[in-house]
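In the numbering used here, the protein residues as written are 1 to 1104.
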């Protein structure tokens, strides 16, 4: 049971103690607090106090334990005072001897705009104060409004506002309790067995009782690493150490939670006083305690990657960049630059140190890479200056780098913050980066002991800056250390141990430097070899996966004790979908923004910002928002005609709506009343979902795993709306939607893919990436992709100078990359306790089984997969083909080739949303309207589309307008140079029948010399990866050559952004013939793509 579940249960117990049969009844907050505080109950005095009173100490509330008094600030509402008192009752019941001030309870608990930033919320702190405050918040909410009661009231027809008014509760408290009660699974937690005393092995005891000042414990998979660490804590306490003198640093939040929970379960007195958390959490607390030294306010924000880009992007103009072009949409390269800056901070390099490293590396660096690094140096300096100028923001790299440098250079100045830590313990040391290693060294120098545990063969986080060098070369940092090796595996049977042992030897790059010792499998042999299932198709892989998961379940292996591991999120998603479709419960959130229930909410939010009203195609199908399809078309046409303000169609609807449509719009007016684009997305979503509509209620029935997963995704998403983005204290609907698309483009949504801890007790097969499985163990492991492609070494970014990587030489860097690639397989295989099944798709293009698996035939039982998953029927939009144009425009075919649903929206429905698009894309479209007139139209004077777009953008992008104007001027100048005129007429369109599909081609110009024809096209930016336009042009010209063999046809694409030309010649493409056949058949199914969807203007409401 987690400490937070205990907090909930303690609150219910207190409520039951004083209200008995009325525990589950709706009770007013004042009545609850008064009753519990009464003299014949807990005997507390609740004293409203002036916030300026020194007794409050600038806090919101204060528990004076010895006097049984609770002070609460008197300038907040009675409902908020009740919450403060309930919060302090939480401390009273949960935290013995806690007698401190509780600052910012109202802001962090009840005011979304003042909550922690995205970055700070990714850093879970598990020190005493942070942990206890979160528990007290949860206790207070549950005491005033138990989840079961909140759910019952909502299902009985009461909305959030009505509940808040009836019970005199803060509306924010009610919202949070409702979301938790309605969307989180209420699973009966497995009965907790009393924690058994740890029975250590002699090797574990020796490591735990080490008297050496510095100890390195090398612990392979299943050898009891966590157990040994707990033994170490017990030994320290038995030797006279106090819990508050112990600092335990971990690599991940999950490990921190597990250690804290297990220490508490062991019954160690005052165990909560030990500091347990991640390096980033430690750094966050350190900087907050010493904020004045670092010129920061007491509550500063932590910038995640998106916030870092937002800080840098407005200032990239005028830096004299050599390679990176600041004009247009710079997001893709800014993402790479920000990652390079973070990588530099991992190596303790500020902007000056980065520039020096780039200069020192120049002699051995190609000129084009040198230019990139010089650009990064300029951008890093700019970024550093902007962060310092803001004065209220740090980034994730700073959380480790700044404390590491401060403690390394001047430990004595910070003894008030860290001087109490006499014993430093570090978990997963192989996953630390250089900054973390320096921080550990600084903390260890004055401490009585340093004790670290790790395993170089489980280092798999190099992509985050971790370096196994820190454990391989531990002796260089700590020459007088003592090494202990744990080699008794208590997790897996012998057959599994031998398999992952084989992958850790053989061709493993570490074997020569660090030979793997023999591992003893304490559990012995099971007589069952791990399976290697060779499958001819992906359908057979999934079919075999389902069959084996069911077989294991029938053999007594619970679903929750099985895991599916894969290298990519897409593979995870396919596996989870196959399992659930076959009736095997599987838990996998995946990309929640591709989920239909999330798109419903996104479409509602888009209504407030999109002048085209395009999201009506989805919204009009939601409960309470239904509109006849014909009326939706009328509204879309009206919005498109004059592009009025968002929601203007609601205030002045077209006159030709049906009676049903008019009634529907009247409902819209009621439902959307008072909400606007400048509100926070949390406020809009909560008002619509918890107060005004039945959209959320539609997802509440059902107890299948897809039903539960749907609700978990909604919970993750709605709480995501609550969090400020790190660049400002308040986030608007429009700002959120724009930032969301950009966040997804750079893949900065990892935390949202991880189910909350409340899902841990679900009886479902876990589906996760190999990296996500680190530190976990399961009865059965299904590894669904063992293709060598997924276990290859990746290079270091060219943006990071070689001399900056002081932790490794260039030669060692290559070895480390290869070693980590081998480690990933080692980690995956070693998660299994009893059953291990590997699935290989031999029919995949260029399929090659990873060497480590193919080279151990005697250790695996190879079988041929035969069970195929039935092909799922793809839903096709009915009767849409009749609405298609007689000839498909070439750009339309390009859209269809990417996604049929995009074509349907672009060409058939002619939707034109602009919200969420980068302003540079809007400028580019306007440039082409100013440069080119339709064929048959007199070019004349440009219509001023660029000026019109810039005027529209002025409100939201005022600071960027000069740069957008410069970008437009650059494109216009390049276009006019290409045209030789101010404006030109498009070439005459012509039709080409390709694989039976008539395609209308409209080049920007056609050059003809005799029988030699060149089709000229113009685009703003270079073609993206895959050169889709060139491939389509080659295919089209091949079909043209078939009917006009006398012509020699080629195509040339002129890029305004670079002035370069891209060429294409006729070429056969059977794949595109199939695409053409699908289009003619009316297949408009959406085809989700991690690369394309987030760039599509229809993303927020597709598919509808």
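For glycine and all other residues, C-beta sits at the position ideal for the given N, C-alpha and C. If you're wondering where the values come from, they're calculated on a predicted model, not measured in any experiment.
Check, Outcome
"Assigned secondary structure, residue 342 (DSSP; H/G/I helix, E/B strand, else coil)", "helix"
"Limits of the beta strand (DSSP E) - the one that residue 612 falls within", "Careful: residue 612 lies outside any beta strand (DSSP E) and carries neither H nor E."
"Residue 832: first and last residue of the uninterrupted beta strand (DSSP E) it sits in", "832-841"
"Residue closest to residue 724, alpha-carbon to alpha-carbon, out of 745, 680, 687", "680"
"Secondary structure, alpha helix (DSSP H): runs of 4+ residues fully inside the region 872-959", "890-898, 900-903, 919-931, 945-953"
"One or two residues paired with residue 768 in a DSSP bridge", "565"
"Burial state of residue 703, where buried means 16 or more other Cβ atoms lie within 10 Å", "exposed"
"For residue 222, the three-state DSSP class (helix, strand or coil)", "coil"
"Residue(s) in a DSSP beta bridge with residue 792", "The partner list for residue 792 (beta bridge, DSSP) is empty, contrary to what the question assumes."
"Beta-carbon gap between residue 611 and residue 914 smaller than 8 Å", "yes"
"C-alpha distance - residue 1069 paired with residue 390, whole-angstrom precision", "54 Å"
"Continuous beta strand (DSSP E) stretch holding residue 48: start and end", "45-49"
"Residue 676 versus residue 343 - alpha carbon distance", "40 Å"
"Integer-rounded CB distance, given that residue 821 should sit under 8 Å from residue 783", "Actually they are not in contact, since the Cβ atoms of residue 783 and residue 821 sit about 15 Å apart, beyond 8 Å."
"Selection from 414, 644, 219 that minimises the alpha carbon distance to residue 288", "414"
"Alpha-carbon spacing of residue 876 relative to residue 1086, whole angstroms", "Interpretation of residue 876 is limited by its pLDDT of 38, a score under 50 that renders its predicted location unreliable; no figure is taken from the coordinates."
"Residue from 998, 771, 131 whose Cα sits closest to the Cα of residue 989", "998"
"With 16 other Cβ atoms within 10 Å as the buried cut-off, status of residue 615", "buried"
"Closest residue to residue 781 among 908, 900, 388, 492 (Cα-Cα distance)", "492"
"Alpha carbon of residue 992 to alpha carbon of residue 379, nearest angstrom", "48 Å"
"DSSP bridge partner residues for residue 335 (one or two, in chain order)", "Beta-bridge pairing links residue 335 to no other residue."
"Coil, strand or helix - residue 19 by DSSP", "helix"
"Inter-residue CB distance, residue 823 and residue 496 (contact presumed, cutoff 8 Å)", "That belief does not hold up - the Cβ atoms of residue 823 and residue 496 are roughly 17 Å apart, past 8 Å."
"Beta-carbon proximity list for residue 489, same chain, < 6 Å, skipping 5 on both sides", "222, 223, 497, 519, 521"
"Between the CA atoms of residue 248 and residue 185 - distance to the nearest angstrom", "31 Å"
"Proximity winner among 210, 242, 251, relative to residue 232 (alpha-carbon distances)", "210"
"Check whether residue 329 and residue 968 have beta carbons under 8 Å apart", "no"
"Enclosing alpha helix (DSSP H) for residue 288 [first to last residue]", "279-289"
"As assigned by DSSP and simplified to three states, the class of residue 593", "helix"
"Where the alpha helix (DSSP H) through residue 253 begins and ends", "253-265"
"Buried versus exposed call for residue 1071 [16 or more other C-beta atoms within 10 Å across all chains shown]", "exposed"
"Contact check, residue 18 vs residue 46, beta carbons under 8 Å", "no"
"Pair within 8 Å by beta-carbon distance, residue 646 and residue 684", "no"
"DSSP-derived helix/strand/coil call for residue 126", "In this prediction, residue 126 has a pLDDT of 45, which is less than 50 and means its spatial position is unreliable; what the coordinates show is noted afterwards. Reduced to three states, the DSSP call for residue 126 is coil."
"Alpha carbon of residue 262 to alpha carbon of residue 138, nearest angstrom", "21 Å"
"Which listed residue (888, 641, 778) has its alpha carbon closest to that of residue 557", "778"
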